[in-house]
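Following: one structure in structure tokens, then a few remarks.
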Amino acid sequence: MGRSPRGGSAATWSGLALCALAMTGLVASSLPEPDQPEPQRSGVTSSAADPYCPPGWDPGVDSAARAAGTRVSDPGAQADAGVEITPEQAAEYEERLRDALVSQRGRELAPPYTVPVAVHVISATDGRGAVSDQQIRDQVDVLNRAYQGDYALGSEGTDTGFRFELSDVTRSADDAWFDDFNRHGDAIRSQLRQGGPETLNVYTTELDSGLLGYSTFPQDYQDDPDRDGVVIAYDALPGGGRERFNEGHTGTHEVGHWLGLFHTFQNGCQPPGDYVDDTPYEREAAAGCPKGRDTCPERPGRDPVTNFMNYSDDACMTHFTQGQARRMVEHWNAFRGGSARV
Ligand code: ARG
Ligand code: ZN
Ligand code: CA
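Structure follows, in structure tokens:
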């Protein structure tokens with residue numbers, strides 16, 4: 001990814017920072033031996049190796065990190081530079097959420113919320129990345145099914161109350177944009193982005209091998225509205241070429257960040273974890289689909305391997321929890337659909 005966009009208006013790209021954590025090798029190397037893979041619904045094989053982040057990839061320094069006085073990574077930093085949403089950054093996001101919710105008090109806002117979705121397809125002039133309209137519709141369908149609880153097995157399903165409606169598709173064939181979205185991302189987004197804080201802008205493009213996607217957080221909107229949105233590797237759309245990650249749950253996961261969720265392994269085994277009560281603690285990201293994994297044995301519950309906010313294979317991911325649903329609604333009310341609505 002090279003130099004990441006930043007400067008005065010840099011927002012946090014959660015996937016970027018978190019991807020870089022996986023890249024450190026801490027994730028893969030300190031994982032316990034994977035247990036037997038669960039039987040998977042679509043016959044993909046599981047692996048404990050982290051498939052997301054290419055070596056040498058630089059997540060840059062985000063605004064929250066600067067505010068917290070935390071060094072996230074230097075340009076060109078080695079793969080072992082400590083990078084994640086730090087506990088301090090997470091706490092700061094939480095504080096901004098709590099502050100914003102104070103001014104929402106008394107406001108009756110209840111789901112369902114229908115989120116307009118503008119998809120911006122960045123492709124190469126030779127046609128690479130030119131995902132079809134059908135794939136885009138399929139991605140929106142996956143979002144609707146996931147946020148409605150349709151992938152759940154048994155009773156774990158939660159209808160989060162969020163619904164998604166495709167509002168526009170733009171197509172840009174530009175080799176420079178496609179080859180280096182990171183470099184041109186600010187220009188691309190300020191040129192293409194539509195709507196206010198309530199509109200989900202999705203950019204599909206080529207991302208460095210291994211990187212599936214990234215997102216801004218709702219708290220970032222006010223400081224940098226142009227950058228708000230989600231970036232997804234074009235081959236991670238439903239039916240794309242990204243093995244194990246072509247069922248559309250990169251979209252599900254990134255939109256979770258866009259609606260304010262942290263990874264289930266945020267803060268590892270330490271309170272407050274991911275700031276969600278009904279997701280068990282988890283020391284590090286899961287990969288593949290490990291069964292019975294329990295990386296915080298001193299804490300109740302096994303790892304939330306099948307949660308959409310983990311790093312498991314698409315076929316392994318089945319649900320959000322009630323607590324996550326509530327947290328997304330809180331963020332929506334505080335930053336996107338409440339007084340923030342344009
Ligand atoms: N690593 C990326 C992130 O942190 C995306 C992970 C998506 N996982 C998946 N199974 N599609 O945002
Ligand atoms: Zn993520
Ligand atoms: Ca939790």
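Heads up, the sequence shown is in the numbering used here, so the first residue is 1 and it goes up one at a time.
Here a beta-carbon is modelled for each residue, glycine too, at the ideal position from N, C-alpha and C.
Opening and closing residue of the beta strand (DSSP E) in which residue i lies
i      : result
Asp294 : Segment: none, Asp294 is in no beta strand (DSSP E) and carries neither H nor E.
Gly154 : Gly154 -> no beta strand (DSSP E), and no H or E assigned at all.
Ser215 : Gly213 to Ser215
Residue i, enclosing alpha helix (DSSP H) - first and last residue
i      : result
Leu97  : Pro87 to Val102
Phe181 : Phe181 to Leu192
Gly273 : Gly273 -> no alpha helix (DSSP H), and no H or E assigned at all.
Glu254 : His249 to Trp258
CB of residue i within 8 Å of CB of residue j, strictly
i      : j      : result
Gly229 : Val255 : no
Ala286 : Ser312 : yes
Phe308 : Ala146 : yes
Asp175 : Thr125 : yes
Asp277 : Gly323 : yes
Val117 : Arg171 : no
Thr306 : Cys296 : no
Thr158 : Phe262 : no
Pro218 : Leu166 : no
His234 : Thr216 : The sequence shown places Tyr at residue 234, rather than the His named in the question. The answer is no: Cβ separation not under 8 Å.
Leu97  : His249 : no
Glu198 : Gly337 : yes
Gly268 : Arg283 : yes
Gly292 : Val142 : no
Gly210 : Ala236 : no
Phe181 : Leu207 : yes
Per DSSP, the bridge partner or partners of residue i
i      : result
Arg163 : Thr114
Asp203 : The sequence shown places Tyr at residue 203, not Asp. The partner list for Tyr203 (beta bridge, DSSP) reads His120 and Val231.
Arg171 : Val121
His319 : Asn307
Environment of residue i [buried if 16+ CB atoms lie within 10 Å]
i      : result
Pro280 : buried
Leu153 : exposed
Ser123 : buried
Gln270 : exposed
Gln78  : Legend: pLDDT at Gln78 = 23, less than 50; position of this residue unreliable, value from coordinates given subsequently. Exposed, by the Cβ-count rule.
Gln134 : exposed
Asp138 : buried
Ala325 : buried
Arg105 : exposed
Ala370 : Residue 370 lies beyond the range of the chain shown here (1 to 342); nothing can be said about it.
Gln266 : buried
Trp57  : A caution first: Trp57 carries a pLDDT of 26, below 50, which makes its placement in the model unreliable, though a value can still be read off. Trp57 is buried by the Cβ-count criterion.
Met328 : buried
Gly227 : The sequence as given places Arg at residue 227; Gly does not occur at that position. Under this definition Arg227 is a buried residue.
Glu92  : buried
Pro112 : exposed
Asp314 : buried
Pro119 : Per the sequence shown, the amino acid found at residue 119 is Val instead of Pro. So Val119 counts as buried.
Asp50  : Unreliable placement is indicated for Asp50, whose pLDDT of 32 sits below 50; no coordinate value is reported for it.
Gly301 : exposed
Gly129 : buried
beta-carbon residue i near ligand 4 non-hydrogen atom, thresh 7 Å
i      : result
Met328 : As far as ligands go, the structure on display features ligand 1, ligand 2 and ligand 3 and does not contain ligand 4.
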